[in-house]
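Take a look at the structure below.
Number of protein chains: 4
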Amino acid sequence: MCRWIAYRGETIPLEEYVTAPAHSLVVQSQRALESTASTNGDGFGMGWYGEHPEPGLYREVRPAWSDENLRYLCRHIRSHLYFAHVRASTGTPTMRPNCHPFACGRWLFMHNGAIGNWSRLRRRVEALIPDAIYGSRIGTTDSEAVFLAILGAGGDRDPIGATARVLMQLTDMVSDHHHKEALRFTAALANGRDLYAFRYAANDNANSLYYRESAGSVVIVSEPLDSNRDHWKAVPAGHMVIARANQAVELEPFPAAQRIAAE
Amino acid sequence: MCRWIAYRGETIPLEEYVTAPAHSLVVQSQRALESTASTNGDGFGMGWYGEHPEPGLYREVRPAWSDENLRYLCRHIRSHLYFAHVRASTGTPTMRPNCHPFACGRWLFMHNGAIGNWSRLRRRVEALIPDAIYGSRIGTTDSEAVFLAILGAGGDRDPIGATARVLMQLTDMVSDHHHKEALRFTAALANGRDLYAFRYAANDNANSLYYRESAGSVVIVSEPLDSNRDHWKAVPAGHMVIARANQAVELEPFPAAQRIAAE
Amino acid sequence: MCRWIAYRGETIPLEEYVTAPAHSLVVQSQRALESTASTNGDGFGMGWYGEHPEPGLYREVRPAWSDENLRYLCRHIRSHLYFAHVRASTGTPTMRPNCHPFACGRWLFMHNGAIGNWSRLRRRVEALIPDAIYGSRIGTTDSEAVFLAILGAGGDRDPIGATARVLMQLTDMVSDHHHKEALRFTAALANGRDLYAFRYAANDNANSLYYRESAGSVVIVSEPLDSNRDHWKAVPAGHMVIARANQAVELEPFPAAQRIAAE
Amino acid sequence: MCRWIAYRGETIPLEEYVTAPAHSLVVQSQRALESTASTNGDGFGMGWYGEHPEPGLYREVRPAWSDENLRYLCRHIRSHLYFAHVRASTGTPTMRPNCHPFACGRWLFMHNGAIGNWSRLRRRVEALIPDAIYGSRIGTTDSEAVFLAILGAGGDRDPIGATARVLMQLTDMVSDHHHKEALRFTAALANGRDLYAFRYAANDNANSLYYRESAGSVVIVSEPLDSNRDHWKAVPAGHMVIARANQAVELEPFPAAQRIAAE
């Protein structure tokens, strides 16, 4: 189980949420509280948007807490929309292309969770990725495969709809007659303007998700960055946070969860 | 283009061929002579057989010439059959699971070459890997995919036949009406007892391969380890070296090449 | 605070103590029990003696729990005397030359603890290393400096006496009129035949140390490798374990502790 | 022998000199032309100034040509004064704290060359570093020691004078009655406003250095970044380039060289 944060708002140095808070993401890499894995030391990564049309990416296999570069980069890189992630592997190797976030074109994605029994489902999930996008699969994680499947399902034009369609397919895969496998999908998706975060699960409890709004900015996190629980709103399971540029933050039901509930 | 060595014979420390010779594999990592890439600095690896039923493996993303561990391991690990490889990537990322050799069960494999236009062929080659073996695909290289396809084609029982069958399929893939893509396959395969090395290409020249026999041992190399060219025999294109336990080393035509030639 | 194991006895694969036990050293790298740092993820290392006159060494900056090479090496490397160590840095960078064990000539050394306020004492401790040995200082830790100081104090001929002399000097350094700084030295030293382990501290509690003897072999550990506390004997603070080739294991007072106690 | 570039001028993305030119620094990491080491694959680094009072730093042990992060960082980080360096080790280990540039307070430094027989001189050069600065010595290179010695000699107030004083001391060390050792010092120093580059040697030829000026900006390089030799001015041995904020670039004799020549 991993830990992550996503931010959209005024342009700030990455350090403001990655390294500075009392219970910052880097602190969580060594001592997470709301996670089954207390150590998130299987690599980490950051993705951010700046002046270049495509996002920046920094991923490393060493634990976040001991990476000398991270402190410097977090001080110097400023962004209006960024992701950071510390990884606890669920089985795939610790290598940079398996670290989150993943980038494809102008999109960034990161994930906390697991897609059923990956060794059983891997080929079926990889088959959801269209040929034109398959060349962007440079790692071997379930998370990257789901991201590319979402883009293949029309994520660029309809990110919520495409995510819901893929998650419904995945829910079917983990719920056939013979197997009930856990699908946990607490994830963030962004295109440089708009930020989406999802909290969903099938056959299991959904991994935790919180957000905090203030004037013009929102930070969405696996677990609160400080002990002041008043600012942090828990996202209910089966819901999503929508933080579009120049619009109020919205908390809404996630369509995949609604469809499943309706059945 | 990579460089490799394979050894079968009396039990010796790995250093005897990896680090000690004048033009050792580690020297070749910085200054190869018969290669289009003079630097082979995109990771390296060693595989060897000892008392455990499965081979040992040491792979690292740093260049071989600067790895402090390599010198110690080569001094201390002794083996009767071992592989070593320095990598010059043809495009896939530099990460440990993409370094050669690859291990699966009791088998080891390493490769110098390229399988056509990999981004075009990747899915078709991966489709050659049976489901039961697909879980062993932990990297993203063409080489690992071909290895697992060979095992899937019956390589455990019939290594030469399975390799030939897969290479004929690959030759067809790189030679359709619209595309003529280069397939270069200079590779080694072993099971702890027997060692096979292949020099084959389609639509291009085959990458170099040499071997040197002495009382009871054979060393097979991408390029000679010293300037005494008398001991080193060049393997002709379309041929293979067979070095089975307790048998004389044989140089024979590679069946895939014969089939193609016959057409 | 780090965790380590040292073994002397019949030749066995390293895995027998490094990776196999219920509470193996690799498990301790993620979840140590008797340590202030529950995570020991700032690199790790192994040192062992084989047929080569100098020991082998494998050190890596990634956490032990995620290193693919470690499992293979522990299966295949066999030794009659070996060390393994997982590191929790007390401030010096995570780089291979700062990982334990350290090797110099035929000697190996590893350490759990801290030498006072290292930034204040560093120059004085480095000054204890004779010029002839200073070239072996390839890292920047307090531990490596103490090791080389011990060799410089005659450790090759008189390992216990030299260790005691250096520790008395260090005890003086951390105990002057103005400062009382913690010195914790739970360490192992070996030359390929004989193994010494020390549990000592000044101005603080000594870090834990246990050992287990069985027919002809001894394993010395930071914390027990299984929950059967009956086999594990705690080494009292101010004591050392002496495991010389072909001699019974001895538990004796450490001379530095006796001198200090006598004052 | 290493390769480096230094830039001062308008704020631009780092990629403009690190990755984009025909013979960019990353290309030089694999194929330098004016260097005895054609491969500079023993780590690399970048340092830059932005809005934070201290410079940013990114250093990595992998070769520059295969680092996925480098391309993203060079696109996204913008600076008015930055350094980049690819390393060919002269003997000290490949670890991040041994990669250039080095940072201390607001200063950055990088070096191409060697300080005599380092194993003989190391202690004497380290002794030039005052206690107050010795805590900033986190690596083991000759280059970092010279940098800290320069700061210790008053580099913050008088960078040219302090550099000259230290280089005169080093010149004496490599030129005593019994030894004539090569001292090569082609180096850059900056404080966020002003940039200094030196080309100096004793007992050997000085390593190459060039610069190119255009409206308001200067780039200083080990070797030209393109084949248009007209823009590139060679810096003569024993000279320095001074590029102070809001002042014309000056080429002047380096005082250390003048003192030596006068003797």
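Residue numbers (this note's numbering), protein chains in the order written: chain A, -11 to 251; chain B, -11 to 251; chain C, -11 to 251; chain D, -11 to 251. Glycine is no exception: its CB is placed at the ideal position from the N, C-alpha and C atoms.
So, does the CB of A:Met161 fall closer than 7 Å to a CB anywhere in chain B?
no
#### Entry: Endpoints, the beta strand (DSSP E) within which A:Arg59 is located
No beta strand (DSSP E) contains A:Arg59, which is instead part of the alpha helix (DSSP H) from 56 to 64.
Notebook entry, point to check: Do D:Trp53 and D:Gln16 have their C-beta atoms within less than 7 Å of each other?
Noted result: no
* For D:Phe186 versus D:Phe242, is the C-beta spacing smaller than 7 Å? -> yes
Quickly, what does DSSP pair D:Pro241 with across the bridge? List them, please.
D:His227
- Nearest-angstrom Cα distance between A:Ile248 and C:Asp55? 40 Å
Exercise for review: Verify the CB distance criterion: does A:His68 have a CB-CB separation below 7 Å to chain D?
Suggested key: no
Using a Cβ-Cβ cut-off of 7 Å (strictly less than) and excluding sequence neighbours within five positions of C:Thr82, which residues of its own chain qualify? Asp30, Gly31, Val49
Exercise. Using the C-alpha atoms, what's the distance from B:Arg47 back to B:Phe90?
Worked result: 9 Å
To the nearest angstrom, how far is the alpha carbon of D:Tyr122 from that of D:Cys92? 11 Å
| query | According to a CB-to-CB cut-off of less than 9 Å, which residues of the region 45 to 69 of chain B neighbour chain D? | reply | Val49, Arg50, Pro51, Trp53, Ser54, Asp55, Glu56
* Asked: Using a beta-carbon distance cut-off of less than 8 Å, what residues from the region 122 to 145 of chain C approach chain D?
  -> Tyr122, Gly123, Arg125, Ile126, Gly127, Thr128
Fill in: Touch test, the region 124 to 139 of chain A against the region 96 to 103 of chain A, Cβ-Cβ under 8 Å, three pairs minimum
yes
Margin query: Below 8 Å on the Cβ atoms is my contact criterion, and I expect D:Ile(-7) with D:Trp36 to pass it. Report the Cβ-Cβ distance as a whole number of Å.
Written below: D:Ile(-7) to D:Trp36, Cβ: 12 Å. No contact.
Provide the residue(s) that pair with D:Tyr184 in DSSP beta bridges, ordered along the chain. D:Leu177, D:Ile230
| query | Taking C-beta to C-beta, are B:Gly204 and C:Tyr60 nearer than 7 Å? | reply | no
Problem - Counted within 10 angstroms of its Cβ, other Cβ atoms place A:Glu211 as buried (16 or more) or exposed - result: buried
>> Quick check on C:Gly38 - is its C-beta less than 7 Å from some C-beta in chain B?
In response: yes
- Run of the beta strand (DSSP E) containing A:Gly140, from where it starts to where it stops: Note, A:Gly140: premise wrong, no beta strand (DSSP E); alpha helix (DSSP H) at 130 to 140.
Can you determine whether any heavy atom of the ligand FMN sits closer than 6 Å to the C-beta of C:Glu4, and answer yes or no? What this structure holds is no ligand at all, so the ligand FMN is not there to describe.
Going along the region 77 to 98 of chain B in order, which residues come within less than 9 Å of chain C, judged by CB to CB distance? Arg84, Pro85, Ala91
- Thinking C-alpha only, which one of B:Gly149, B:Gly143, B:Thr159 is nearest B:Leu109? B:Thr159
**Prompt:** How many angstroms separate the CA atom of D:Ala71 from the CA atom of D:Asp119?
**Reply:** A quick correction: the sequence has Phe, not Ala, at residue 71 of chain D. If I take the Cα positions, the gap works out to 27 Å.
- What residues of chain A sit near B:Asp119, judged by a beta carbon separation below 8 Å? Arg111
**Min CB distance C:Thr27 to chain A below 7 Å** = yes
Worksheet item: Candidates A:Asn193, A:Ile230, A:Asp146: which alpha carbon is nearest A:Glu169's?
Response: A:Asn193
Could you check if A:Glu39 is buried or exposed, using at least 16 other CB atoms within 10 Å of its CB as the buried criterion? exposed
_Give the list of continuous alpha helix (DSSP H) stretches no shorter than 4 residues that lie fully inside the region 66 to 147 of chain A._
106 to 114, 119 to 122, 130 to 140
**Message:** How far does the alpha helix (DSSP H) with C:Glu4 in it extend, from its first residue to its last?
**Reply:** 3 to 6
Counting along the chain, where does the beta strand (DSSP E) carrying D:Leu197 start and finish?
Neither: D:Leu197 is in no beta strand (DSSP E) and is coded neither H nor E.
For B:Ile(-7), list the residues DSSP reports as bridge partners.
B:Ala72, B:Val209
query = Short check: CB of C:Tyr188 to CB of C:Lys221, under 7 Å?
reply = no
Residue-chain proximity (D:Gln16, chain B), Cβ-Cβ < 7 Å
no
*Looking at the C-beta of D:Ser196, does it have a partner C-beta in chain C at a distance below 7 Å?*
no
Here's a check: name, in chain order, each residue in its chain whose Cβ is nearer than 6 Å to the Cβ of D:Arg153, leaving out the five neighbours to either side. Ala141
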